[in-house]
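Comments concern the structure below.
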């Protein structure tokens, strides 16, 4: 474990043995009246209670000293200065600049100009200044994108449904190349008052271009070719390709090399979201993220929420062998948040070489999975409480709700009850365990991240918090969180197979899929 | 490992060492021209290609002999005969009876009578014989249920969207106690032509009753109290409670002790689904499940799809330490299938005592997670290809599509490209690995389950296949897959916390949640 100094590794190994042998969450609370306070960190919008983790002061101190050894503090500063490089692609990683209010931030003017262009466009749709080919108001927007061009905007548009602008069109998302997805999105709408926003950095992404072509064809069933441009917009770093597709230059918004797809919600990729919630709420989203940026930049490591989350993940995956991490939101507005986090965390940290291309001996990214409470209690919590596989867990808990504050108490009570069940097991109500199928062992680690309620600012903070957790975690591991070379080979092989299914040749001995391909030909039309 | 005979355990341990040291999927295909055929099993509707697993003939043979030692064959027969008991709750487990066509099946008449009552009710809605309080056709149904009363019907209604009856009302699902969920379901609809179907075995489930109360209140804003019964139906084993709630006896459908919630899609819990797709398609769903029942009952273990899936899961979790299992459907109609499977598998197998209440030394249920391809390629596949954590994987692949058969080729090509990337890594295109951030190691185990396309029969088969995989897996582990004691304690503790949040008392020293509770009070209204 070259990244970890030998003494640190020895210490952490010994500490993990202590934790396994002698630590229980129950005892930790009994022996320390300040445990809850001691293991809580707060930012302007979020509080992290990590007192129910398999962690004590010695563990945290050792992890913090490792973070210092990794120069985490400096690297955080580098991130904000644009000095930190996406080395394997020789690019900056400057997504945090997208929400900066400091005019000295790199690309500041470019970013502000783009935000202004986005706002003007959004207001023109909301206010009905930009109209359809029949001079009617745009009522629906189909956002076409996949991966980082889809998951963030979709998650946020759903989460902020109480903040949708009353005059905004309804926003729909089309991502999958599965023809069912396009049918689902298009069949229910009328081209006459629908705007298509095509989001693809390269403007060559297979799924997005196929769907864009389907959408343009669908538009042209009602809209004449000289007016179709009124129904199209694009977000891309290849504007020339978008123009060729038939999109007006004024309806094309830039993407930049220095923003990775999974960090791009704050850029023009958020255009559909901005139209949905209105530019003012979009500014609040940015401002909430900026609050978290400041927290990450200026708070000592031992009180720094994303840093603590990264230390936990590093500790569990490398010393306690918890290779899965569950996100359970007691907030049904966050239904798509676990999906969003899967990309953000797993695509960033699912690596096996370090930034110098040396094989890394550590356990890198965890499997991220989860769901929404209370539904999850009636689904997979059984395994969390009584299974043999262990997963680290983060609960997300709003303290109140715009929907129905009185009924919201059930969310609090259920989340705390699940937390106590995980922490104490059967002992929560009964000192003696019966040791049968009803017994719950407890001592299952988890944190609770709580916040007032889902608002644009708080969502901005929450997303930025996980972005920074991913970055801090990557610094501990010494890996590049901004590339994703593992997805390239599949794209190349897809071309091979599309040829095989289009023009099947005599059985190729090297294929491993004779059966599937032969069966496929039976159904091919 | 008392469940496993010592010699078997020794053999499996040795075999797993061989696999780790000397087996690659690449070599396995190179050295055996019949590997694809040898490791493929077929039923009427499904084909399982497990030739890309970390498995060879010796492993399969040893696992099969263990299955015989566990008397799996007999236990499968017992399951269908109703002899296999849910021991800890002293109940039968007879969900397969729900689709039996054999009049000697236990409860056969009761089941047929219920199906007939359901069909009559469904047709009366579809044909407009059962009308709203204003004598109009029912246009919307809100299915209220949670967990097993929600996940199956919701998943299937979405999956069968090409099979919805043209005159059927639209089906909506309301499950979470989060007030946002109820708002989402109710705000967009009009009580005048909406029917509420309340699904709760006990008719006391917190979420379902709270939502049922909200829905009834919402109805009563438009519907007078003497006519509200026209807008209500229930599925429950406590009809007296449903009657008390204001539901007509003729609109109450039974649930039975011998059907667990997560296996209940085929029962009256499927009423909303039946109304949506029509009784004829519902019968096809049952018939597809029956085909899989016959396959499971009559096929030798070494060709038996659910058995092989169970053996794989047992092998990976106990001998190769893969504690997560990913379901990736190249079929966006199966968007909710991974969620459905989470409950089915994790609630059934997330146990740590055997059927005699002895602690079990084995690794039981895996963490089930996943998503829909091709979207998942742009999200978490990076980790599957280049991460350090390993997860076993099942791809679900339809060979054609009702939506757009021509575009469907992309789903095939992408799925096979991902499979080959997982199997061979960089060597798929290049003999020499560059050993840098672009290198993919390969040798990642996975299966492909393929089928013609999503139809009621095939969906029935697919669900039954996973039900039986879970059962076979539980037999190997000697655990009870039909109980879920781990969720009881949380329900009890929830009552404690609902009191604390309703009537906060002076700080209770024993609580671990002073901070959260104090913050909550600030926002409480």
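Chains as they are written, first to last, in the numbering used here: chain A, -11 to 513; chain B, -11 to 513.
All residues carry an ideal CB built from backbone N, CA and C; glycine is no exception.
As the structure is a prediction and not an experimental result, all values here were calculated from the model.
Could you pull the DSSP bridge partners for residue i from this structure?
i	result
residue 183/A	129/A
residue 74/A	79/A
residue 347/B	341/B
residue 286/A	Partner(s): none; residue 286/A has no beta bridge.
residue 326/B	Bridge partners of residue 326/B: none, in fact.
residue 37/A	28/A, 436/A
Determine the DSSP secondary structure at residue i, reduced to helix, strand or coil.
i	result
residue 462/A	helix
residue 141/A	helix
residue 224/A	strand
residue 318/B	coil
residue -3/A	helix
residue 538/A	The question about residue 538/A has no answer here: the residues shown for chain A are numbered -11 through 513.
residue 234/A	coil
residue 30/B	strand
residue 333/B	helix
residue 386/B	strand
residue 484/B	helix
residue 158/B	strand
residue 359/B	strand
residue 438/B	strand
residue 89/A	coil
residue 312/B	strand
residue 241/A	strand
residue 119/A	strand
residue -9/B	coil
residue 497/A	Confidence is the limiting factor: at residue 497/A the pLDDT is only 47, short of 50, which leaves the residue's position unreliable and the question unanswerable from this model.
Taking residue i as the reference, which of the options has the closest Cα?
i	options	result
residue 267/A	107/A, 6/A, 21/A, -1/A	107/A
residue 25/A	512/B, 508/B, 502/B	502/B
residue 479/B	417/A, 118/A, 423/A, 480/A	417/A
residue 37/B	457/B, 434/B, 482/B	434/B
residue 543/B	159/B, 269/B, 360/B	An answer regarding residue 543/B cannot be provided, because it is not within the stretch -11 to 513 covered by chain B.
residue 430/A	396/A, 460/A, 374/A	374/A
residue 504/A	8/B, -3/B, 29/B	29/B
residue 251/B	112/B, 141/B, 15/B, 363/B	141/B
residue 393/A	5/B, 508/B, 232/B	508/B
residue 569/A	362/B, 371/B, 186/B, 499/B	Here chain A has residues from -11 to 513 only, and residue 569/A is not among them.
residue 481/B	406/A, 163/A, 465/A	406/A
residue 146/A	321/A, 334/A, 189/A, 327/A	321/A
residue 165/B	104/B, 138/B, 378/B	138/B
residue 1/A	307/A, 66/A, 193/A	307/A
residue 169/A	132/A, 180/A, 96/A	132/A
residue 39/B	215/B, 14/B, 388/B, 463/B	14/B
residue 160/A	173/A, 293/A, 235/A	173/A
residue 346/B	304/A, 275/A, 422/A, 316/A	422/A
Ignore the nearest five residues each way along the sequence and tell me which others in residue i's own chain have a CB closer than 6 Å to its CB.
i	result
residue 385/A	318, 403, 436, 438
residue 357/A	314
residue 336/B	458, 469
residue 338/B	353
residue 220/A	184, 235
List the residues of chain B that residue i touches, going by C-beta distances under 7 Å, in chain order.
i	result
residue 357/A	355, 357
residue 396/A	167
residue 511/A	387, 388, 440
For residue i, which residues from the same chain have a beta carbon less than 7 Å from its beta carbon, with the 5 sequence-adjacent residues on both sides left out?
i	result
residue 64/B	284, 285
residue 210/A	179, 180
List, in chain order, every chain A residue whose beta-carbon is nearer than 7 Å to that of residue i.
i	result
residue 164/B	320, 360, 362, 363
residue 187/B	Simply none; closest approach about 12 Å.
residue 482/B	401, 402, 405
Using a Cβ-Cβ cut-off of 8 Å (strictly less than) and excluding sequence neighbours within five positions of residue i, which residues of its own chain qualify?
i	result
residue 212/A	121
List the residues of chain B whose Cβ lies closer than 8 Å to the Cβ of residue i, in chain order.
i	result
residue 475/A	365, 366, 369, 370, 373
Output, in chain order, the set of chain A residues within a Cβ distance shorter than 9 Å of residue i.
i	result
residue 233/B	Here the premise fails: no neighbours, minimum Cβ distance about 18 Å.
Answer yes or no: the CB of residue i versus the heavy atoms of the ligand FMN, is any distance below 6 Å?
i	result
residue 18/B	Of ligands this structure carries none, so the ligand FMN is not represented either.
Below 8 Å on C-beta distance, what does residue i contact in chain A?
i	result
residue 425/B	76, 339, 341, 345, 468, 471, 473
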